[in-house]
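Structure, as structure tokens:
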Amino acid sequence: MDSSGAMGVPARGDAVPAQRLRRARIAVATVFAVHGAVTGSFATRIPWIQDHAGISAGQLGLALAFPAIGASVAMPLAGRISHRFGARAALRGLIALWTAALALPALAPNFPSLCAALFVFGVTSGMSDVAMNALGVEIEERLGRSIMSGLHGLWSTGALIGSAAGTVAAHANVDARTHLALAAAVLTVIGVAACQGVLDLRSDPDEHPPPHFALPPRSALIIGAVGFCAVFAEGASLDWSAVYLRDALGTSAGLAAASTTAFACTMAAARLAGDAVVERFGPVRTVRAGGVFATAGGALVVAAVHPAMALAGFALIGLGVAVVVPLAFAAAGRSGPAPSQSIAGVATITYTSGLIAPSAIGSIADATSLTVSFGLVTVLAFGLVVGAGVLASAGRGAHAVARQEADRAGAGSVRESGGARES
Numbered sequence: 507m508d509s510s511g512a513m514g515v516p517a518r519g520d521a522v523p524a525q526r527l528r529r530a531r532i533a534v535a536t537v538f539a540v541h542g543a544v545t546g547s548f549a550t551r552i553p554w555i556q557d558h559a560g561i562s563a564g565q566l567g568l569a570l571a572f573p574a575i576g577a578s579v580a581m582p583l584a585g586r587i588s589h590r591f592g593a594r595a596a597l598r599g600l601i602a603l604w605t606a607a608l609a610l611p612a613l614a615p616n617f618p619s620l621c622a623a624l625f626v627f628g629v630t631s632g633m634s635d636v637a638m639n640a641l642g643v644e645i646e647e648r649l650g651r652s653i654m655s656g657l658h659g660l661w662s663t664g665a666l667i668g669s670a671a672g673t674v675a676a677h678a679n680v681d682a683r684t685h686l687a688l689a690a691a692v693l694t695v696i697g698v699a700a701c702q703g704v705l706d707l708r709s710d711p712d713e714h715p716p717p718h719f720a721l722p723p724r725s726a727l728i729i730g731a732v733g734f735c736a737v738f739a740e741g742a743s744l745d746w747s748a749v750y751l752r753d754a755l756g757t758s759a760g761l762a763a764a765s766t767t768a769f770a771c772t773m774a775a776a777r778l779a780g781d782a783v784v785e786r787f788g789p790v791r792t793v794r795a796g797g798v799f800a801t802a803g804g805a806l807v808v809a810a811v812h813p814a815m816a817l818a819g820f821a822l823i824g825l826g827v828a829v830v831v832p833l834a835f836a837a838a839g840r841s842g843p844a845p846s847q848s849i850a851g852v853a854t855i856t857y858t859s860g861l862i863a864p865s866a867i868g869s870i871a872d873a874t875s876l877t878v879s880f881g882l883v884t885v886l887a888f889g890l891v892v893g894a895g896v897l898a899s900a901g902r903g904a905h906a907v908a909r910q911e912a913d914r915a916g917a918g919s920v921r922e923s924g925g926a927r928e929s
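Each residue of the sequence shown is one higher than the one before, starting from 507 at the first, in our numbering.
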């Protein structure tokens, strides 16, 4: 009997008791929320970290590129770690490293040490991100219905909770070293405890381990291109919406900040409700409709002559791009024989998009205007309408066909550990 209390070792394609799947879904959802809470907690203390390290705005901008660099470098390793230790132990270790890394940036006394701390921060973030998404895709496949949008919605919820707690700590003038160390300790306990409930998937002993580094498969590149468009629009809106309202429309700082809030809230709400929409309309139609909303939102921002138009535009962009990345991960996980490698490929592309979007918007704005910059965002948002078809493999119908074929062939190289299979 394994730790979940069930006998047997179900292979991929074998039935898993509904109670165990429900427990695994809750466990992975908790991990997603914890992952988001780390990000939200860190973001609120960036001004304190900048002052503590004594660096300029330009140096801070360079330092903040290191998390994405670290994540991109390390993501391909997540599959190999899961192969070596099993999905549960891998996720437990990686989420613990990620939550513990939250304490590092506040300890950095200067620019080089901050870059090093943020590189480690990104390494642990990227590997745990791939591991938890791979498990989320596996549970979704076994349940036979969409759950990835909701999982990412809980990530957004965790980020909002972490940022709210960080805001309170900042207003209370709590030293960021104390705040982030306490947050790291609490989130580590919650994350590690939650991992006990996830499915413990292990590769067959004769299966070759994935390579340390490998180019993502072509299918992941195509899916990643759709994710690139969504994350570019997301990153541009989060980082530049307040600046747009202030500089292009002359609004107050408070109203400008409301644009970021509007974007984040519509995005979180859409992700939490997204699974029901995907179940009803399928991933392709959902993303295509989201692309229409995001394109309309971008057009509103570009044409805005009043702050209300821009606020509505940013809210529509958030609504439109919300479910794209979860569905891209789900499609990647089913696009080939190595789900972790495909998910890592898509994640690397989306992280890269998030890295270059803010600077690209700034560069275009310097050369032309912010209005022209968000014209590019609008064009990329329309790319979701055009490219939505590549996410068809995230649908339940495709999943069911693949599952039936695997059952008939008796295939499956992944099993859940915990005892001998019953005959």
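Virtual Cβ for every residue (Gly too), placed ideally from N, Cα, C.
- Any 3 or more C-beta pairs closer than 8 Å across the stretch 600-613 and the stretch 687-695: A contact exists between the stretch 600-613 and the stretch 687-695.
- Item | Where L600 falls: helix, strand or coil (DSSP) | In the three-state scheme derived from DSSP, where H, G and I count as helix and E and B as strand, L600 is classed as helix.
- Query: In chain order, which alpha helix (DSSP H) runs of at least 4 residues are fully inside the stretch 821-871?
  - Reply: Those alpha helix (DSSP H) runs which fall completely within the stretch 821-871 and span 4+ residues are 830-839.
- Query: Where does I823 land, buried or exposed, given buried means 16+ other C-beta within 10 angstroms?
  - Reply: Taking all protein chains in view, the Cβ of I823 is crowded by 16 or more other Cβ atoms within 10 Å, so the residue is classified as buried.
- Whose C-alpha, out of I667, G659, I601, D872, is nearest the C-alpha of D635? Of all alpha-carbon atoms in I667, G659, I601, D872, the one lying nearest the alpha-carbon of D635 is that of I601.
- Query: Is T757 helix, strand or coil by DSSP?
  - Reply: Coil, per DSSP.
- Measuring CA to CA, which of L666, F591, G642, A593 is closest to I532? Among L666, F591, G642, A593, the Cα nearest to that of I532 is on G642.
- Item | Range of the contiguous alpha helix (DSSP H) that encloses S619 | Per DSSP, S619 belongs to the alpha helix (DSSP H) from 617-649.
- Query: What's the C-alpha gap between S588 and A524?
  - Reply: If I take the Cα positions, the gap works out to 24 Å.
- Query: Rounded to a whole number of angstroms, what is the C-alpha to C-alpha distance between M633 and A763?
  - Reply: Using only the alpha carbons, I get a separation of about 32 Å.
- Task: Determine the DSSP secondary structure at G780, reduced to helix, strand or coil.
- Result: The three-state reading of DSSP puts G780 in helix, counting H, G and I together.
- Query: Does the Cβ-Cβ distance between G491 and L624 come in under 8 Å?
  - Reply: Only positions 507 to 929 of the chain appear in the structure, and residue 491 is not among them; the question remains open.
- Give me the Cβ distance between G796 and V827, rounded to the nearest whole Å; I'm assuming they're in contact under 8 Å. About 6 Å; that satisfies the 8 Å criterion.
- Are A837 and L897 closer than 8 Å when you measure CB to CB? Against a cut-off of 8 Å, the Cβ pair of L897 and A837 comes out as a contact.
- Task: Would you mind sorting V874 into buried or exposed? The rule is 16 or more other CB atoms within 10 Å of its CB.
- Result: Here residue 874 turns out to be Thr, not Val, going by the sequence shown. Classified as exposed, T874 has fewer than 16 neighbouring CB atoms from the shown chains inside 10 Å of its CB.
- Message: On the DSSP letters alone, give me the boundaries of the alpha helix (DSSP H) that P573 sits inside.
- Response: First-last of the alpha helix (DSSP H) with P573: 572-580.
- What's the gap between the Cα of A699 and the Cα of F572? Whole-angstrom Cα-Cα distance: 29 Å.
- Query: Taking just the CA atoms, how far does L825 sit from L603?
  - Reply: The straight-line gap from Cα to Cα measures roughly 32 Å.
- Are at least three pairs of beta-carbons, each pair with one atom in the stretch 639-653 and one in the stretch 562-576, less than 8 Å apart? Too few Cβ pairs lie closer than 8 Å, so no.
- Query: For P813, does the count of other Cβ atoms within 10 angstroms reach 16, so buried, or fall short, so exposed?
  - Reply: Answer is buried; the Cβ neighbour count reaches 16.
- Along the alpha helix (DSSP H) that carries H677, what are the first and last residues, could you check? Where H677 is concerned, the enclosing alpha helix (DSSP H) stretches over 654-677.
- What are the start and end residues of the alpha helix (DSSP H) that includes G788? Counted as a single uninterrupted DSSP element, the stretch harbouring G788 is not any alpha helix (DSSP H), since DSSP gives it neither H nor E.
- Any non-hydrogen atom of the ligand FAD closer than 7 Å to G860 Cβ: For the ligand FAD, the structure offers nothing, since it holds no ligand at all.
- Message: Can you give me the C-alpha to C-alpha distance between A539 and G697, rounded to a whole angstrom?
- Response: Distance between the alpha carbons of A539 and G697 is about 9 Å.
- Exposed or buried, what is T684 when buried is set at 16 or more other beta-carbons lying within 10 Å of its beta-carbon? With fewer than 16 Cβ atoms within 10 Å of its Cβ, T684 is classed as exposed.
- Message: Quick check on the burial criterion: 16 or more other C-beta atoms within 10 angstroms. Buried or exposed for G668?
- Response: With a 10 Å radius around the Cβ and a threshold of 16 neighbouring Cβ atoms, G668 comes out buried.
- Alpha carbon to alpha carbon, what distance is there between L686 and D557? If you take the alpha carbons of D557 and L686, they lie about 16 Å apart.
- How is the alpha helix (DSSP H) around S879 delimited, first residue to last? Per DSSP, the unbroken alpha helix (DSSP H) holding S879 starts and ends at 876-893.
- Message: By the DSSP assignment, the alpha helix (DSSP H) with Q525 in it spans what residues?
- Response: Residues 524-550.
- Message: Suppose contacts are defined by Cβ-Cβ distances below 8 Å. Is A448 in contact with M581 by that definition?
- Response: Since the first residue of the chain shown is 507 and the last is 929, residue 448 is not available in this structure.
- Message: I'd like to know if the stretch 778-795 and the stretch 868-885 are in contact, where contact means that at least 3 CB-CB pairs between them fall below 8 Å.
- Response: No, the stretch 778-795 is not in contact with the stretch 868-885.
- Give me the Cα-Cα distance between A731 and N679, rounded to the nearest whole angstrom. Roughly 42 Å between the two C-alpha positions.
- Environment of G564 [buried if 16+ CB atoms lie within 10 Å]: G564 should be labelled exposed.
- Message: Using the three-state DSSP reduction, which class does S562 fall into: helix, strand or coil?
- Response: For S562, the three-state secondary structure derived from DSSP is coil.
- Task: Flag this pair as yes or no: are the beta carbons of L649 and A569 separated by less than 8 Å?
- Result: No, these two residues do not count as a Cβ contact at 8 Å.
- Thinking G741 and S662 are a contact (beta carbons under 8 Å), I'd like their distance in whole angstroms, please. About 14 Å separates the two Cβ atoms, so there is no contact after all.
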